[in-house]
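Read through the structure below, which is laid out as structure tokens, and then see the notes.
In my numbering, the protein residues as written are -11 to 114.
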């Protein structure tokens, strides 16, 4: 996959499981808390996970062939394309944009090492 997603925000948690993600958001216990993680089922996709009333809603993020980012929507709903993950987050911080809850509280990752899948270390031992 490489770094084709560009610079990823601090709310990107890497390859954590759906269960780990739900644990993190449940601990935060704030409506509108969100994070981004790698999809467990679709290689190369990511998931935007949003907490609302003790339920975690998951939305898939895809990179298009042209390099834009799209949120997978229901059939019949027009897809919106973004230049970056940050642009997508800014868009969905506004109310009534189609998510179960607008994005309010970014849950930042604790360790930078979680993003090594996308950015290999500069001096990795061989």
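All C-beta atoms in this analysis are idealised placements derived from N, C-alpha and C, irrespective of residue type, glycine included.
query                                                                                                   : result
Coarse secondary structure for residue 53, derived from DSSP in three states                            : coil
Unbroken stretches of the beta strand (DSSP E), 3 residues or longer, contained in the stretch -6 to 82 : 21 to 26, 34 to 40, 43 to 51, 57 to 59
At least three beta-carbon pairs within less than 8 Å, the stretch 82 to 90 to the stretch 6 to 13      : no
C-alpha gap between residue 69 and residue 88, whole angstroms                                          : 19 Å
Contact set for residue 45: own chain, Cβ-Cβ below 6 Å, skip 5 residues either direction                : 38, 88
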